[in-house]
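Here's the structure we're looking at; comments come further down.
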Amino acid sequence: MLKKTSSINATSGAYERAVELLGLKPNVAGALEMPDRELTVEVPFRRDNGEVASLLGFRVQHNNTRGPFKGGIRYHPHVDLAEVRSLATLMTWKTALLDIPYGGGKGGIAINPSEYSIYELERLSRKFFRAIDPVIGPNIDIPAPDVNTNAQVMGWFMDEYSQAHGYTPAIVTGKPLELGGSEGREHATGKGTAITVRETAKKWDIDLDKSTIVIQGFGNVGSFTAKFLDEYGCKIIAVSDVTGGVYELDGLEISSLFDYNYKNKTIKGSGQGKKITNDELLALECDFLIPAALGGAINKDNVDTLNCKFVIEAANGPVTQKAAENLWKKGIPVIPDILTNAGGVTVSYFEWVQNLQQFKWELEEVDTKLETKMVKAFNEVYNMKVEKKVSMRIASFMVAINRVARSYHLRGV
Ligand code: NAD
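Residue numbers (numbering that gives the first Met the number 0): 0 to 412.
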């Protein structure tokens, strides 16, 4: 295998184990791990006060063996080439795992967006998109929203690209509905996470109706996960956001909490349950603990406090490698992020298909197709886990890497 220059990936241990179990030759494993292309651009733009500012932007195209590069663009002060590379790599495995015809990519700008006006953000977004224009296209690389970017930013991207190339909604996904966004995209990641919990309960013979759920993070992913699990009949006993958590052993009233949070963007002041801290929340006794906020939320310092039967990784990388090893030893299954939260990229793919077809699907069609994709991927990972006696994380990497490797061989170098 090549030197580890291509990844700072917290899951690179899982990658190495998976390629070993698959029996991939080191040269192939190394080639698949290496990014195809990394672009660093200067993004100069005019501030509202007339001054010119310059930021660094990145787009990493990890692998396009199975289809165009696909992945979000994040605006965050911590963005650097190494982080973007790591996230682009994960996108390759995620799209392969769900068997959608994409590769993996990611992008970002090192910026704290709260320090800029909406007009400044529009100007810099347009400049960034112009800067990466030579390497993107609806059949080449299709960006999407990520941390601190949203449907509005995708609307600007789409407009900027369309001005140069003609009307091209398929250049980005996660757009507003009025610009070719898909029905069902807003709730897709939460719905996919709820389906993952339901399928886990089936395989491990847990009565979903009687199961208890704890969710850290009540943003897009956490709140929709709670909504769908509530509809499945689960008891959601605690949820939290950055301001802290609420706990009710008999189950929170999710539909009113969801509405309150949707309106106020926080659960603070909802009047529900007993107040708890985020640390206390992680230690609650429950069947399913669902970290849906931050990377590294469950780590070596707090993993021993956990009191759950399963961890469902709804956020990206919420369980560190050390914590995952600890949970494996204790027999607590961790259902990995590249499976659990793949509902978002799956419906992004449906959005792209609708844009290419110039035909809009009804919500029911989107939801049904998402359900089919999620269940199929879950079963493939579970069967691999049973056959090879490995964790769900290693099994998901094995399914995904095997799929990319087979396409790689069939296409030829
Ligand atoms: P969001 O910004 O909508 O919500 C984040 C939530 O986490 C908020 O409720 C926030 O208050 C809470 N939070 C932040 N810091 C916290 C802390 N220290 N303790 C507890 N809660 C905290 O983000 P989102 O879109 O829901 O994404 C959540 C995670 O899921 C991220 O890791 C993201 O990368 C991942 N993800 C999101 C999608 C998607 O479609 N939105 C898809 C795949 C993966």
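A virtual CB, placed ideally from N, CA and C, is assigned to each residue, including glycine. All figures in this text were calculated on a predicted structure; none of them were measured in a lab.
Give the DSSP-derived three-state secondary structure of residue i in the structure shown.
i      : result
Thr276 : coil
Pro175 : coil
Leu248 : coil
Val241 : coil
Ala131 : The identity of residue 131 in the sequence shown is Ile, whereas the question assumes Ala. Helix.
Asn458 : The structure shown has nothing for residue 458, since the chain only spans 0 to 412.
Lys267 : coil
Val412 : coil
Leu281 : helix
Lys105 : strand
Gly12  : helix
Leu55  : strand
Asn62  : strand
Lys453 : Nothing about residue 453 can be reported from this structure: the residues present for the chain run from 0 to 412 only.
Lys234 : strand
Ile110 : coil
Ile253 : helix
Ser6   : Because the pLDDT at Ser6 is just 37, under 50, the model does not fix this residue reliably, and the value given afterwards should be weighed accordingly. Three-state result, Ser6: coil.
Ile212 : strand
Ile418 : Absent from the structure is residue 418, since the part of the chain shown begins at 0 and ends at 412.
Leu293 : coil
Rounding to the nearest angstrom, what Cα-Cα distance links residue i and residue j in this structure?
i      : j      : result
Lys321 : Ile99  : 30 Å
Glu230 : Met157 : 35 Å
Glu32  : Gly71  : 19 Å
Gly295 : Ala13  : 16 Å
Thr211 : Glu370 : 22 Å
Ala376 : Arg46  : 46 Å
Ala200 : Tyr101 : 30 Å
Arg122 : Pro332 : 46 Å
Glu114 : Ile141 : 27 Å
Ser53  : Leu38  : 16 Å
Thr192 : Arg405 : 28 Å
Thr4   : Leu256 : Its pLDDT being 35, under 50, Thr4 is placed unreliably by the model, and the measurement read from it follows with that caveat. About 45 Å.
Ala323 : Thr167 : 42 Å
Asp79  : Trp155 : 23 Å
Glu398 : Lys384 : The sequence given here places Val at residue 398; Glu does not occur at that position. Distance between the alpha carbons of Val398 and Lys384: 10 Å.
Trp203 : Leu55  : 47 Å
Ile139 : Gly411 : 19 Å
Glu19  : Leu355 : 39 Å
Pro25  : Arg16  : 12 Å
Glu312 : Val238 : 15 Å
Asn48  : Gly316 : 39 Å
Asn277 : Thr195 : 23 Å
If I follow the unbroken beta strand (DSSP E) through residue i, where does it start and stop?
i      : result
Leu80  : No beta strand (DSSP E) contains Leu80, which is instead part of the alpha helix (DSSP H) from Leu80 to Leu96.
Phe217 : Counting along the chain, Phe217 falls outside any beta strand (DSSP E), and DSSP gives it neither H nor E.
Ile311 : Asn306 to Ile311
Ile72  : Phe68 to Tyr74
Taking the continuous alpha helix (DSSP H) assigned at residue i, which residues delimit it?
i      : result
Gln353 : Gly342 to Gln356
Asp366 : Leu362 to Lys387
Asn325 : Gln320 to Lys329
Leu288 : Run containing Leu288: none in the alpha helix (DSSP H); it sits in the beta strand (DSSP E), Glu284 to Pro290.
Asp336 : Asp336 to Thr339
Closer than 6 Å: is that where the CB of residue i sits relative to any heavy atom of the ligand ADP?
i      : result
Thr172 : Only the ligand NAD can be found as ligands here, which leaves the ligand ADP out of the picture.
Is the CB of residue i under 7 Å away from at least one CB in chain C?
i      : result
Tyr246 : Of the protein chains in this structure there is only one, and it is not chain C.
Problem set entry | Contained beta strand (DSSP E) runs [length at least 3] in the stretch 18 to 53, N- to C-terminal order | 36 to 45
For this session: Just list the beta strand (DSSP E) runs in the stretch 132 to 210, keeping only unbroken ones of 3 residues or longer that don't cross its boundaries, in chain order.
Result: 140 to 144
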